[in-house]
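Novice: Dumping the structure here so I can ask a few things about it.
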Amino acid sequence: MAARPASAGRPHFDIADIVRQHRDALEAEVHLTLAQLRVLSAIGLCRTAALGGHVDVCRACGYEHPSYNSCRNRHCPKCQALAQERWIAARSKRLLDVPHFHVVFTLPGELRALARYRPRAIFDALFTAASETLLDLGDSRLGARPGVTAVLHTWTRDLRFHPHVHAIVTAGGLATDSSRWVASSTKYLFPVKVMGELLRGKMLDALRRLHADGAFRGFDAFDDPEGFERLATRLARVRWHVYAKKPFRKALHLLRYLGRYTHRVAISSSRLVAITDDAVTFRTKNGKTTPVEFLRRFIQHVLPDGLHKIRHYGLYAGVNAATLVVARTAISCGRNTPARVDVTSASWPELLLAITGRDVTRCPRCGGA
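According to our numbering, the sequence shown holds residues 806 to 1174 in order.
Structure representation (structure tokens):
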């Protein structure tokens, strides 16, 4: 395949093409899980005749436009826009109209190998430790319960394995007696050093419980008690990185920003610069590699089946719907949520129009409905 320059508009290159052409070579070199194999199959078949399709016919001019069905896999780069818009529309009804901080909790490099071996256990532990860190500090420093939405990402710009949790946190919380809203500083949430120390302690406790339950059995480095204690000693000494970004003051800005994280996959086709038979180039520093290595990096970010990568805690937890109403009343915002397409009644053409400005119900030839 000769290299071609990328063009404006729709991506000129497609990750699905790399999957279809180089999947066999990948499977010959890398042991893949069933979940990873299913993702490769879904991406390779997405929007092809294999999944079926339909033909739209313009009643005005008779123009026929065929469309193939999508795979709707959560790891497919083509299938995230509508899911993202539906999620944003749904969350806009629950979002509190207060500033929100963006806090990132990173898994230390010493645990990445273990996260590959037991991803569900390690990711669950990271979610729990990060959320408890924020809720505990909200209680001890504000005497209040904040709202938290957390999203798991596992990649860097060059597709390396780098698990971390993005947390969006209300700047304040509902007082523990539910009497009032307690606002935090809009410039400062909690000390990042304190958050890092709490995260470390909670993760070490979780790791000890998992080890005692045999979760790491079969993983040579951490299976035996001595090996695990060496790991725990190293983890107790290293810095656990937590950083907070400046708060969002407007709910609309927060939703658009958060939407970028919730349904993002490791890489989109728009970042592909060139594809040849022996190389894939994508936008990042030193972003040139072989097709098989590109797929190996991409597929390592497939999450275990059923693992929720978006979770809500505190006031934003589903079980606290009634408490969220109390918090909203305490804030006394009295303002409408940002105008969004109603997720309960919107069709996919309406959502696509909201996302892209393109009305797919109109004929591309004559403009008729």
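Every residue gets a Cβ at the ideal spot worked out from N, C-alpha and C, and that includes glycine. Quantities reported herein were computed from a predicted structural model and do not represent experimental measurements.
#1: Measuring CA to CA, which of 818, 981, 841 is closest to residue 1106?
#2: Relative to the alpha-carbon of residue 970, which residue among 1088, 1047, 1103, 861 has its alpha-carbon at the smallest distance?
#3: Measuring CA to CA, which of 835, 862, 829 is closest to residue 846?
#4: Can you check which of these residues, 831, 993, 1020, is closest to residue 924 by C-alpha distance?
#5: Look at the Cβ atom of residue 909, then the Cβ atom of residue 1066, and state whether they are nearer than 8 Å.
#6: Following the continuous beta strand (DSSP E) through residue 1089, name the residue where it begins and the one where it ends.
#7: Helix, strand or coil for residue 1048? Go by DSSP, reduced to three states.
#8: On the DSSP bridge assignment, give the partners of residue 872 in chain order.
#9: For residue 1098 versus residue 1007, is the C-beta distance shorter than 8 Å?
#10: Check the C-beta distance from residue 1096 over to residue 823 and give it rounded, since I have them as a contact under 8 Å.
#11: Please name the residue in 1167, 916, 902 whose C-alpha comes closest to that of residue 1024.
#12: Which same chain residues, not among the five before or five after residue 870, have their C-beta less than 6 Å away from its C-beta?
#13: Is residue 1118 helix, strand or coil by DSSP?
#14: If you run the structure through DSSP and keep just helix, strand and coil, what is residue 1010?
#15: Once you ignore the five residues that flank residue 951 on each side, which residues in its own chain have a CB closer than 6 Å to its CB?
#16: If you count every other CB in all the chains shown that lies within 10 Å of the CB of residue 1168, and 16 or more means buried, which is it?
#17: The beta strand (DSSP E) with residue 973 in it runs from where to where?
#18: In angstroms with no decimal places, state the Cα-to-Cα distance between residue 1015 and residue 914.
#19: In chain order, what residues of the same chain have a beta carbon less than 6 Å from the beta carbon of residue 1171, not counting five sequence neighbours either side?
#20: Would you report the Cα separation of residue 856 and residue 895, rounded to the nearest angstrom?
#21: So what does residue 880 bridge to, in DSSP terms?
#22: Going along the chain, which residues of its own chain have a beta-carbon closer than 6 Å to the beta-carbon of residue 940, five neighbours each way excluded?
#23: Tell me the DSSP bridge mates of residue 952?
#24: Quick one: Cα of residue 825 to Cα of residue 874, how far?
#25: When burial is assigned at 16 or more other CB atoms within 10 Å of the CB, is residue 1030 buried or exposed?
#26: In the DSSP assignment, find the unbroken beta strand (DSSP E) run with residue 1080 in it and report its ends.
#27: Identify every residue that forms a DSSP beta bridge with residue 854.
#28: Would you mind working out which of 1036, 949, 884, 934 sits nearest residue 1073, comparing C-alpha positions?
#29: Provide the residue(s) that pair with residue 824 in DSSP beta bridges, ordered along the chain.
#30: For the alpha helix (DSSP H) that residue 1070 lies in, which residues bound it at each end?
Specialist: Let me lay it out:
#1: 841
#2: 1047
#3: 829
#4: 1020
#5: no
#6: First-last for residue 1089: undefined, no H or E at that position.
#7: strand
#8: 859
#9: no
#10: 5 Å
#11: 916
#12: 861
#13: strand
#14: helix
#15: 943, 974, 975, 978, 1119
#16: buried
#17: 966 to 975
#18: 19 Å
#19: 865, 866
#20: 28 Å
#21: In DSSP, residue 880 forms no bridge with anything.
#22: 1119
#23: 1119
#24: 17 Å
#25: exposed
#26: 1077 to 1080
#27: In DSSP, residue 854 forms no bridge with anything.
#28: 884
#29: Note: residue 824 sits in no beta bridge, so no partner.
#30: Run containing residue 1070: none; DSSP gives neither H nor E here.
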